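Participant:
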Amino acid sequence: MSTPLLAAPIGSTRLEICIADITTLNVDAIVNAANRTLLGGGGVDGTIHRAAGPELLAECRALGGCETGSAKMTRGYRLKAKHVIHAVGPVWGGGHKGEEDLLAACYRTALALAAERSLSSIAFPAISTGVYRFPPERAARVAVGTVVAEIANDPRGIKRVVFCCFSPDSAEHHRDAFTELGLA
Ligand code: APR
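Numbered according to my numbering, the sequence shown spans residues 14 to 197.
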């Protein structure tokens, strides 16, 4: 279990930043940075499917894909996490095609799906900052800002949100976003 690099309270919800392989986290749901087919791929998508086993792909096949900026939930199968929330982030196209709004919508939709199922903990990778080339510092600001705003509006039940980074640089971008919001 990764120890958080940073933890900050928002009301009764605890926000954390860690550096870890998201498939190792023991949370109610991990978020996958998926593509619109939901049929797997490289990056964190590939790692999650490998760790969850073939039943995950079988369930995903039945979902009929997912639009960019949205997300769908499945079981976690062999993962420690009970659920996987497959979010489809935007491909970076220069920043004038609504990329930031679409990325924010991924975080918002994932939190809403978690709240609908009364989940209490969720972990996000840095959606879109790999293959989809979203500038990581801008993505971190969108990620943290969206999660803080959603929790402030409706803390329904989520007690723990983990920003699961895969590199020190990514963790630093998220820490900077926390600092800009006065959380650290
Ligand atoms: N745990 C946590 N984070 C990870 C892991 C992991 N095991 N593996 C990679 N990451 C990080 C990357 O370092 C990056 O910061 O996840 C972030 C997202 O990168 P990608 O996985 O490349 O996802 P994304 O940029 O959203 O592109 C999605 O890539 O893998 C394909 O099928 C996927 O087509 C989709 C596209």
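Just so it is clear, CB atoms sit at the ideal spot from N, CA and C, and this is done for glycine as well. Remember, it's a predicted structure, so these values are computed and weren't measured experimentally.
#1: Return the chain-ordered ranges of every beta strand (DSSP E) run that is complete within the region 23-53 and spans a minimum of 3 residues.
#2: With respect to the alpha helix (DSSP H) encompassing Ile61, which residues constitute its N-terminal and C-terminal limits?
#3: What does Thr87 pair with, by DSSP beta-bridge criteria?
#4: Touch check for the region 21-28 and the region 97-111: three-plus C-beta pairs under 8 Å?
#5: Can you find the residues in the same chain that come closer than 8 Å, C-beta to C-beta, to Leu52, ignoring five residues on each side of it along the sequence?
#6: Smallest Cα separation from Ser131: which of Thr60, Asp167, Arg188 and Ala21?
#7: Return the residue from the list Gly82, Arg88 and Pro148 that minimises the CA-CA distance to His186.
#8: Which ranges would you report for the alpha helix (DSSP H) in the region 112-186 if only whole runs of at least 4 residues count?
#9: Between Pro138 and Ala21, is the Cβ-Cβ spacing less than 8 Å?
#10: At the level of alpha carbons, what is the spacing between Arg154 and Leu124?
#11: For Arg49, does the count of other Cβ atoms within 10 angstroms reach 16, so buried, or fall short, so exposed?
#12: Which of the three DSSP states, helix, strand or coil, is assigned to Ala190?
#13: Using a Cβ-Cβ cut-off of 6 Å (strictly less than) and excluding sequence neighbours within five positions of Leu196, which residues of its own chain qualify?
#14: Exposed or buried, what is Ala165 when buried is set at 16 or more other beta-carbons lying within 10 Å of its beta-carbon?
#15: Thinking just about the alpha-carbon of each residue, which of Glu193, Phe176 and Thr81 is nearest to the one in Glu112?
#16: Leaving aside the five residues before and after Glu29 along the sequence, list all residues of the same chain whose C-beta is less than 6 Å from its C-beta, in chain order.
Facilitator: Reading from the atomic positions:
#1: 26-32 and 42-47
#2: The residue given as residue 61 occupies position 48 in the sequence shown. Note, Ile61: alpha helix (DSSP H), Gly56 to Ala65.
#3: One-based indexing of the sequence shown puts residue 87 at position 74. Its beta-bridge partners are Val97.
#4: no
#5: The residue given as residue 52 occupies position 39 in the sequence shown. These residues qualify, in order along the chain: Leu70, Cys73 and Arg74.
#6: On the sequence shown, residue 131 is found 118 positions in, with the first residue counted as 1. The candidate whose alpha carbon is nearest that of Ser131 is Asp167.
#7: Indexing the sequence shown from 1 puts residue 186 at position 173. With distances taken between Cα atoms, His186 lies closest to Pro148.
#8: 112-129 and 149-166
#9: In the sequence shown, the residue the question calls residue 138 occupies position 125. In the sequence shown, the residue the question calls residue 21 occupies position 8. Cβ distance not < 8 Å, so Pro138 and Ala21 don't count as in contact.
#10: Indexing the sequence shown from 1 puts residue 154 at position 141. Indexing the sequence shown from 1 puts residue 124 at position 111. Taking the straight line from one Cα to the other gives about 17 Å.
#11: Within the sequence shown, numbered from 1, the residue matching residue 49 stands at position 36. Answer is exposed; the Cβ neighbour count stays below 16.
#12: In the sequence shown, counting from the first residue as 1, residue 190 sits at position 177. In the structure shown, Ala190 sits in a helix (DSSP, three-state: H, G or I).
#13: In the sequence shown, the residue the question calls residue 196 occupies position 183. Excluding positions up to five away in sequence, the list reads Ala21.
#14: As a first step, residue 165 must be located in the sequence shown, where it is residue number 152. So Ala165 ends up on the exposed side.
#15: One-based indexing of the sequence shown puts residue 112 at position 99. The residue with the shortest Cα to Cα distance from Glu112 is Thr81.
#16: The residue labelled residue 29 in the question sits at position 16 within the sequence shown. Same-chain partners within the cutoff: Pro17, Ala20 and Val175.
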